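Going by our numbering, the sequence shown opens with residue 62, and the numbers climb by one from there. Idealized CB from N, CA, C, for every residue including glycine. For clarity, every value in this text was computed on a predicted model and none was experimentally measured.
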Amino acid sequence: IDAGLNVNMEIDASVVRDGSILDYCRLHEITIQPWSPFQYGFFEGVFLDNPKFPELNQAIDALAAEKGVTNTTIAVAWLLRHPANMQPIIGTTTPARVQQSCQAADVTLTRQEWYAIYRAAGNKLP
62 IDAGLNVNME IDASVVRDGS ILDYCRLHEI TIQPWSPFQY GFFEGVFLDN PKFPELNQAI
122 DALAAEKGVT NTTIAVAWLL RHPANMQPII GTTTPARVQQ SCQAADVTLT RQEWYAIYRA
182 AGNKLP
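So, in structure tokens, the structure goes:
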């Protein structure tokens, strides 16, 4: 029942993801609001520009350069294009990050671009 609460924490409950929360919400038109979506673990900071995620950051940075926006803008645009119709809670106090996040509403990612980021994060397509 708390799978949706533990998704970005480094505890055992966070790695048991059967997909039921996302699917249930999507099928019943319940909006998901991911909080701190850039956070990697509890103490690690964000995954953006983190050397632990070179392939993911390379994919995001390449799209950001191509579209003339920041990596934050691309990351938020990716969430906004998610099939579950998410409304991310950025949770920042940095005015620049708020502005970059707002710019994501004007960025269109193609299906190919969206899945390129998905795969760069280590996910496999069926």
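Coil, strand or helix - residue i by DSSP
i: valine 100; result: Residue 100 is actually glutamine in this sequence, not valine. If DSSP states are grouped into helix, strand and coil, glutamine 100 belongs with the strands.
i: isoleucine 178; result: helix
i: isoleucine 150; result: strand
i: threonine 155; result: coil
i: glutamine 90; result: A small fix is needed here, since residue 90 is glutamate in this sequence, not glutamine. Reduced to three states, the DSSP call for glutamate 90 is coil.
i: lysine 185; result: coil
i: leucine 170; result: coil
i: threonine 134; result: helix
Proximal residues to residue i (C-beta, below 7 Å), its chain only, five neighbours per side dropped
i: arginine 142; result: Leu170, Trp175
i: tryptophan 139; result: Leu170, Trp175, Ile178
i: glutamine 161; result: Thr131, Thr133, Thr134
Residue range of the alpha helix (DSSP H) that includes residue i
i: asparagine 144; result: Note on identity: in this sequence residue 144 is proline, with asparagine being the wrong assignment. From DSSP, proline 144 is part of no alpha helix (DSSP H); its letter is neither H nor E.
i: alanine 123; result: 115-128
For residue i: DSSP bridge partner residues
i: valine 107; result: Gln100
Close-in-space but distant-in-sequence residues of the same chain around residue i (CB under 8 Å, 5 per side omitted)
i: alanine 125; result: Thr131, Asn132, Thr134, Ile135
i: phenylalanine 114; result: Tyr101, Phe108, Ala182
i: leucine 83; result: Ile93, Ala145
Residues near residue i by beta carbon distance below 6 Å, same chain, minus five either side
i: arginine 87; result: Ala145
i: proline 187; result: none
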